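Trainee:
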Amino acid sequence: MKILVGWDDASEADLLQLYLSGGGDNDVYIATSPKDFIEKAFQSPWDAMFLSLTYPNTIEEGFSTFSRIQPLMATTSLVMACRPSEMISVPRFVMRGLRFYVYRDPQGDYVFLVLSTIESAVAAYKAEQERKLADQMRQEINGVRLLQEAIIPRGLEPPKGYKAVARYEPAQMAVAGSQAVVMAGGDYYDLFCANDTTLVALVGDASGHGLKACMSIMTMHTLVRMSGSTRFSDTAGFVTNINNLLCGNSIVQSGGGFITLLYVVVDTASHSVTWTSAGHPNALLHRLDDNDVTQVGLNSDGGLPLGIADGMGYDAFTFQMPPRSRLLMYSDGLTDALAPGEIEGGQMWGVAGIIEGLKSCRKRTLEETLEHLFAASNAYTGGLGRHDDTSVLLLERLE
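Numbering-wise, my numbering comes out as the position in the sequence shown, counting from 1, plus 41.
(1) Mind reading off the beta-carbon distance from glycine 298 to glycine 249? Whole number of angstroms is fine, and I expect it under 8 angstroms.
(2) When DSSP labels each residue in this structure, what does arginine 195 get in the three-state scheme?
(3) Based on Cα-Cα distance, which residue from Thr95, Thr239, Glu210 lies nearest to leucine 411?
(4) Considering just the uninterrupted stretch of the beta strand (DSSP E) at isoleucine 71, what are its terminal residues?
(5) Here's a check: name, in chain order, each residue in its chain whose Cβ is nearer than 7 angstroms to the Cβ of alanine 54, leaving out the five neighbours to either side.
(6) So does the segment 415 to 431 actually touch the segment 351 to 368, counting three or more Cβ pairs closer than 8 angstroms?
(7) Straight-line CA distance for alanine 164 to glutamine 170?
(8) Whose CA, out of Asp237, Arg266, Leu379, lies closest to the CA of lysine 201?
(9) Would you call the segment 305 to 319 and the segment 252 to 262 in contact, with 3 or more CB pairs under 8 angstroms?
(10) Assign glutamate 437 to one of two classes, buried (16 or more other C-beta atoms within 10 Å of its C-beta) or exposed (fewer than that).
(11) What ranges does the beta strand (DSSP E) occupy inside the segment 91 to 168, keeping only unbroken runs of at least 3 residues that lie completely in it?
(12) Is the beta carbon of alanine 378 closer than 8 angstroms to that of serine 418?
(13) Leaving aside the five residues before and after serine 108 along the sequence, list all residues of the same chain whose C-beta is less than 8 angstroms from its C-beta, in chain order.
(14) Kindly indicate which residue of Ala324, Gly289, Ser291 has the alpha-carbon position closest to the one of leucine 302.
(15) Would a C-beta distance cut-off of 8 angstroms place leucine 232 and alanine 247 closer than the cut-off?
(16) Is DSSP giving methionine 267 helix, strand or coil here?
(17) If the criterion is Cβ atoms closer than 8 angstroms, does the pair proline 125 and tyrosine 96 meet it?
(18) Skipping 5 residues on each side, what residues in its chain have a beta carbon closer than 7 angstroms to that of glycine 227?
(19) Thinking C-alpha only, which one of Met389, His262, Ala162 is nearest glutamate 190?
(20) Within 10 angstroms of the Cβ of aspartate 88, are there 16 or more other Cβ atoms? Answer buried if so, exposed if not.
(21) Return helix, strand or coil for alanine 416, following the three-state DSSP convention.
(22) How about leucine 94 and leucine 156: do their beta carbons lie closer than 8 angstroms?
(23) Assuming aspartate 342 and phenylalanine 360 are in contact, meaning their beta carbons sit under 8 angstroms apart, how far apart are those beta carbons, in whole angstroms?
(24) If you drop the 5 nearest sequence neighbours on each side, which residues of the same chain put their C-beta closer than 7 angstroms to that of aspartate 308?
(25) Since glutamine 361 sits in a beta bridge, which residues does DSSP pair it with?
(26) Which of the three DSSP states, helix, strand or coil, is assigned to phenylalanine 233?
(27) With distance defined between alpha-carbon atoms, name the residue in Asp146, Leu435, Leu154 nearest to valine 120.
(28) Which first and last residues belong to the beta strand (DSSP E) in which leucine 435 is found?
(29) What did DSSP end up calling aspartate 77 once you bin it into helix, strand or coil?
(30) Using 8 angstroms as the threshold, is the C-beta distance between leucine 347 and isoleucine 292 below it?
(31) For a test of your reading of the model: does the CB of asparagine 284 fall under 7 angstroms from any non-hydrogen atom of the ligand PLP? Yes or no.
(32) If we ignore side chains and look at the alpha-carbon of each, how far apart do glutamate 127 and isoleucine 100 end up?
(33) My output table needs one value for glutamine 177: the three-state DSSP class, helix, strand or coil.
(34) Compute the Euclidean distance between the alpha carbons of glutamate 385 and glycine 374, then round it to the nearest angstrom.
(35) Using the C-alpha atoms, what's the distance from leucine 174 back to aspartate 66?
(36) How should isoleucine 300 be labelled, buried or exposed, when 16 other C-beta atoms within 10 angstroms of its C-beta is the threshold for buried?
Structure follows, in structure tokens:
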């Protein structure tokens, strides 16, 4: 440590130098005058300053010195020493920001405690700075997260004959401080009617977490909503166009980022469902009449994630959505929930867990089913929670 000392008793200077040096581990400078102390304090950064309450001679002079170095207390730990007769003046210093002081006993035993007190002050300062940094990080990430969540629709209103619910939960990470940071995420879902008989549903997942992932998703959301209503039905052409635009976007391209997307269009008149996948998990179809759950399409049906290859072509696939059936679209945060103790390549909840969850909710409402999927996957982790953003969109065709 680098320690700057201002002391009012020259006869004790050598002893302080000896004990504060810590056997040569610390760089200690004892100022020869208040002017010297002030100049040295502002010339270079110090880990700590040690100052007598009466430096150089009286309480008032000590308070004057203290006041002049007060701006440095935001970056440097300060410890002061006071005699028994000076204790009455300590509150005056404390009210101005002093946090650490030692009792300067007449026998001089305090010198044995000075170094440990300074070390404690420095440790406390570092802990406080880490806490402030964590709080600032938490506030900034929360601001970005709220911005991202603002584009996620609330109160989904599908056309007559259909019902929909959806939910997004961001990932969390531990940082310095007592609470985990709820990360700004890269998940996204949307559901809207392009026209009277065209219902559009999509779930996307940008690589990574934080600001970049959030901005990537917001970029895609903007591109989706800027597309003309006549283009939504052509799922393959639509996804191809979005991919080409994202390949030229600097936000998505920085650091090798990409976005997976499952894009679904439902013809609510014929109940024909057309879908295109860009590296995203396949949807699941749950027929309530026989409680059968099947994956829609093959894993190989999806193309590359968006933002990787310009000019990439994508395929469209179609199926009929039967009455009393549910279509589940989700991000991999749901399947990737890990069992306790299995963080390194262990057993995931997986598609099998989702299918089991859907089947168990055959007679439950859509809202209850959505709640169960999140609760069951979280319970699978033993309460540790899902380590990735999780989005689920559940669409039901009624009678």
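Quick reminder that beta carbons are idealized off the backbone N, C-alpha and C, glycines included. Computed from a predicted structure; not experimentally measured.
Mentor: Looking at the atomic coordinates:
(1) 7 angstroms
(2) coil
(3) Glu210
(4) 68 to 71
(5) Trp48, Ile71
(6) no
(7) 10 angstroms
(8) Asp237
(9) no
(10) buried
(11) 118 to 123, 141 to 144
(12) yes
(13) Arg137
(14) Ala324
(15) no
(16) helix
(17) no
(18) Asp246, Ala247, Ser248, Gly249, His250, Ala254, Cys255, Ser257, Ile258, Asp430
(19) His262
(20) buried
(21) helix
(22) no
(23) Incorrect: roughly 11 angstroms between the Cβ atoms, too far for contact.
(24) Thr238, Thr239
(25) Ser313
(26) strand
(27) Leu154
(28) 431 to 438
(29) helix
(30) no
(31) Absence of the ligand PLP is noted for the structure shown, with no ligands found whatsoever.
(32) 8 angstroms
(33) helix
(34) Residue placement at glutamate 385 is poorly supported in this model, since its pLDDT is 47, which falls under 50; the coordinates still yield a value, given next. One C-alpha to the other measures close to 16 angstroms.
(35) 28 angstroms
(36) buried
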